[in-house]
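Going down the list, the sequences are from chains V and L.
Using the working numbering, count along the first sequence one by one with no gaps and you end on 508.
Using the working numbering, count along the second sequence one by one with no gaps and you end on 508.
Glycine included, C-beta positions come from ideal geometry on N, C-alpha and C.
The structure under discussion appears below in the form of structure tokens.
2 protein chains.
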Amino acid sequence: MKIGELAKRSGLSAHTIRYYEKIGLLPGADRDQSGHRDYDASILIWIEFLGRLKTTGMPISQMLRYAALRKLGPESDGQRQRLLEEHRDVVRAHVTELRACLEVLDAKIAGYASSSEKQDGKHNDGP
Amino acid sequence: MKIGELAKRSGLSAHTIRYYEKIGLLPGADRDQSGHRDYDASILIWIEFLGRLKTTGMPISQMLRYAALRKLGPESDGQRQRLLEEHRDVVRAHVTELRACLEVLDAKIAGYASSSEKQDGKHNDGP
DNA sequence: TGTTGACTTAGAGTGTGCTCGAACACCTAA
DNA sequence: TTAGGTGTTCGAGCACACTCTAAGTCAACA
């Protein structure tokens with residue numbers, strides 16, 4: 382698969398795929414006879430996993446650490462496990478924070494809703 | 382309260398407070414006789430709310446829209462309500478996404494844990 | 001055979017959200 | 001009265017994660 386198709390299938394742009402390769406997030410791709418990158422479909426699994434890490438707010442620097450450990454093979458399993466566990470804890474904490482924020486938002490929205498419903502001219506002076 | 386104390390109490394830096402004022406996220410502060418900003422404690426409530434919006438990933442551009450509506454007074458209640466409702470939906474969707482990612486992370490971590498526990502030399506070749 | 005379209009590289013540019021520096025003003029305590 | 005601490009403005013600089021440009025190569029098709 383060439384970079385254009387991988388772009389389509391992964392949702393990343395070809396530019397981004399080259400950028401990820403340049404910084405080490407994606408392994409250097411095989412090349413065909415004309416020097417074009419030629420990808421194996423298995424790269425999609427890795428890209429999808431990177432997407433999960435990205436969605437959960439992991440910075441590229443940390444993804445790079447994970448990618449580097451992966452290159453070391455099974456010896457680095459323990460370190461990778463720890464890295465993911467730490468990240469999971471961060472994500473869990475973030476979800477908890479978001480839920481608290483959602484409650485604040487709900488309350489705020491309810492305030493707007495009730496003041497419009499009652500049409501009592503009560504000002505909503507808070508934030 | 383001067384900017385330094387507000388910085389301490391809000392958790393923002395004085396630089397950031399001036400920046401927020403410059404872009405319109407904070408109202409222009411009153412000044413004391415020597416031209417220094419002099420804040421009322423009520424600003425802390427607004428800053429805290431901005432923090433919630435920020436935590437939930439709202440871009441500054443959208444916070445500015447909300448801040449601008451707020452300046453219009455109660456006439457804009459409906460628009461502010463809609464803005465917050467839309468944002469709430471985005472945040473809810475994001476939480477759902479994060480929970481799906483957490484499941485993937487958990488599965489991955491469990492994979493590492495089981496392969497180290499069994500010491501079966503089984504490689505973890507996935508992402 | 002020429003043109004189209006996808007690819008290549010290196011490097012510059014962009015958007016977001018701060019963060020810092022320089023140079024100066026002002027109050028307070030020693 | 002002088003030193004320190006806190007404040008002021010304006011503008012530059014930075015970190016992150018892309019995103020785009022320019023100039024060129026290559027294979028396939030009309």
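Item, Value
"In this structure, does DSSP put L:Ile384 in helix, strand or coil?", "helix"
"Could you tell me the boundaries of the alpha helix (DSSP H) in which V:Leu445 lies?", "441-452"
"May I have the straight-line CA-CA distance separating V:His519 from V:Glu386, to the nearest angstrom?", "Since the first residue of chain V shown is 382 and the last is 508, residue 519 of chain V is not available in this structure."
"Mapping DSSP to helix, strand and coil, what is L:Asp470?", "helix"
"Any idea what DSSP makes of V:Asp421, helix, strand or coil?", "coil"
"Classify V:Arg480 as buried or exposed, calling it buried when 16 or more other Cβ atoms lie within 10 Å of its own Cβ.", "exposed"
"Whose CA, out of V:Glu429, V:Glu456, V:Ser496, V:Val485, lies closest to the CA of L:Lys435?", "V:Val485"
"Please check if any C-beta of chain V sits within less than 9 Å of the C-beta of L:Pro455.", "yes"
"Per the DSSP calculation, L:Arg412 is bridged to which residue(s)?", "L:Arg418"
"In chain order, what residues of the segment 435-464 of chain V put their CB closer than 7 Å to some CB of chain L?", "Thr436, Thr437, Pro455, Asp458, Gly459, Arg461, Gln462"
"I want to know whether the segment 460-472 of chain L touches the segment 423-442 of chain V - three or more CB-CB distances under 8 Å.", "no"
"Return the chain-ordered list of same chain residues with a C-beta closer than 6 Å to the C-beta of V:Met382, the five sequence neighbours on each side being excluded.", "Tyr420"
"V:Glu402 lies in the alpha helix (DSSP H); which residues open and close that run?", "395-404"
"Tell me, please, whether the CB atom of V:Lys489 is closer than 9 Å to any CB atom in chain L?", "yes"
"Taking any Cβ of chain V, which residues in the segment 473-485 of chain L have a Cβ under 8 Å from it, in chain order?", "Arg473, His475, Val476, Glu478, Leu479, Arg480, Cys482, Leu483, Val485"
"Under the three-state reduction of DSSP, which class applies to V:Gly459: helix, strand or coil?", "helix"
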